[in-house]
Amino acid sequence: MTDDHRGRSTRLDAAVRDRGIDAPADSALADASGPDSGPRVARVPEQHVHDTFSVEGIDTKRREGLLEAVLRDRDGVSAASATARNGTVGVHHDPSVSRDDIRETLTACGLVVDPADRAFEARRASQFASARVAVAVLFGLMVATPYIAVLYPTRIEWLFYDPMTVSYLQSLLDSRMATHFFVNLGALSGIAFLVACAPRIRRALGALAEGRLTTDALFVGGVAGLFAYSTAAAFTGFDGTVHYDLVAYAVAGATLWAHFGAADPAAEDHGAAESAGSAPDAEVAEGELADGDPVAMTDGGQ
Numbered sequence: 001m002t003d004d005h006r007g008r009s010t011r012l013d014a015a016v017r018d019r020g021i022d023a024p025a026d027s028a029l030a031d032a033s034g035p036d037s038g039p040r041v042a043r044v045p046e047q048h049v050h051d052t053f054s055v056e057g058i059d060t061k062r063r064e065g066l067l068e069a070v071l072r073d074r075d076g077v078s079a080a081s082a083t084a085r086n087g088t089v090g091v092h093h094d095p096s097v098s099r100d101d102i103r104e105t106l107t108a109c110g111l112v113v114d115p116a117d118r119a120f121e122a123r124r125a126s127q128f129a130s131a132r133v134a135v136a137v138l139f140g141l142m143v144a145t146p147y148i149a150v151l152y153p154t155r156i157e158w159l160f161y162d163p164m165t166v167s168y169l170q171s172l173l174d175s176r177m178a179t180h181f182f183v184n185l186g187a188l189s190g191i192a193f194l195v196a197c198a199p200r201i202r203r204a205l206g207a208l209a210e211g212r213l214t215t216d217a218l219f220v221g222g223v224a225g226l227f228a229y230s231t232a233a234a235f236t237g238f239d240g241t242v243h244y245d246l247v248a249y250a251v252a253g254a255t256l257w258a259h260f261g262a263a264d265p266a267a268e269d270h271g272a273a274e275s276a277g278s279a280p281d282a283e284v285a286e287g288e289l290a291d292g293d294p295v296a297m298t299d300g301g302q
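Per my numbering, the very first residue in the sequence shown carries number 1; after that it's consecutive.
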């Protein structure tokens, strides 16, 4: 179990004191997290290797900075970066320093270190989550744009002063062009639903297979039903309204809420934790390094 950092000293603070490290000031952390802050740069000897750890317990900007300072203070470590956003720590170190040695340092600081494969899984999950948000937002915009330009004016024509324009748009919807129009909208909203809501769909199917009715199952069933209704209205003789726009809005809203709204309560104490590279500038590793040594971009363990 990780240390309680709320107003009390933790094992990470103790490690900083024992090593005689100057703790980064809160003002320095605030400056480093500004809009103009970029990746921190540290020179890394060519023979140094890089390891990534998935940890629990880094939940404030101060703890990110303290942990990086402790790691860089170790002999054989040339650069280190930590981030609470995806719970990872990246360390560049000499091959003589084993992964287990770094793990012991992290554990001594009161952090829970996951197995090696969890670090990769955490990073991949974070990347997939960001990709799902991008798909939901971009595809949602591509669905909303033709609705705003063509369909909404015909449905709320009393808001528009030019009845001829509305009549022209309605004639387009009554022509054969409408088939291609709705095919594109159906494809965009369907792909957005399957890609952006894939985890929710899997959870819903798993719950239904166990005979449980969950909120995920209700959401997936509602969106799927609305999509089927719109498809029937667009391509059959069924006289209904095509609501691919509502499908796209529901997908985008649910995806954004899952990514940003349903945050872990511990993360709410540091709202700026999503800015990469927000810890203080990393100092150049001690010792003389040749100008040709590789440069590590320590951007928060991503």
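From the three backbone atoms N, C-alpha and C, an ideal C-beta is built for every residue, glycine too.
In three-state DSSP terms, what is residue i?
{"i": "D51", "result": "strand"}
{"i": "G76", "result": "coil"}
{"i": "E304", "result": "Since the displayed the chain opens at 1 and closes at 302, residue 304 lies outside it and no answer follows."}
{"i": "E104", "result": "helix"}
{"i": "E64", "result": "helix"}
{"i": "E56", "result": "strand"}
{"i": "A82", "result": "strand"}
If distances are taken between C-alpha atoms only, which option among the options comes closest to residue i?
{"i": "A178", "options": "F235, P153, A14 and G90", "result": "F235"}
{"i": "A224", "options": "R123, V135, V251 and A149", "result": "V251"}
{"i": "L151", "options": "F182, Q127 and R132", "result": "F182"}
{"i": "A136", "options": "L106, G110 and C197", "result": "C197"}
{"i": "Y249", "options": "L185, G76, R74 and A84", "result": "L185"}
{"i": "G237", "options": "D174, D216, V113 and A192", "result": "D174"}
{"i": "L71", "options": "D59, T60 and D94", "result": "D94"}
{"i": "K61", "options": "A131, R85 and F128", "result": "R85"}
{"i": "V77", "options": "V44, F227, V112 and M164", "result": "V44"}
{"i": "V383", "options": "A108, V89, G90 and D75", "result": "Coverage of the chain is limited to positions 1 through 302, which leaves residue 383 absent and any answer about it impossible."}
{"i": "L12", "options": "G57, E46 and Q47", "result": "G57"}
What distance in whole Å lies between the Cβ atoms of residue j and residue i, which are believed to be in contact at a cut-off of 8 angstroms?
{"i": "A254", "j": "R200", "result": "7 angstroms"}
{"i": "V247", "j": "F193", "result": "6 angstroms"}
{"i": "G222", "j": "A232", "result": "With 8 angstroms as the limit, G222 and A232 do not qualify as a contact, their Cβ atoms being about 16 angstroms apart."}
{"i": "A15", "j": "A108", "result": "6 angstroms"}
Tell whether a beta-carbon distance below 7 angstroms holds between residue i and residue j.
{"i": "E64", "j": "A80", "result": "no"}
{"i": "V133", "j": "H243", "result": "no"}
{"i": "V55", "j": "L138", "result": "no"}
{"i": "G87", "j": "T10", "result": "no"}
{"i": "S189", "j": "V220", "result": "no"}
{"i": "Y147", "j": "D59", "result": "no"}
Problem set entry | At least 3 beta-carbon pairs within less than 8 angstroms: the stretch 43-59 vs the stretch 92-109 | With the cut-off at 8 angstroms, the stretch 43-59 and the stretch 92-109 touch.
Exercise. Does the stretch 160-176 touch the stretch 205-213, meaning 3 or more C-beta pairs lie closer than 8 angstroms?
Worked result: Of all C-beta pairs linking the stretch 205-213 to the stretch 160-176, fewer than three are shorter than 8 angstroms, placing the two stretches out of contact.
Exercise. Would you call the stretch 57-74 and the stretch 14-21 in contact, with 3 or more CB pairs under 8 angstroms?
Worked result: Touching, per the Cβ criterion.
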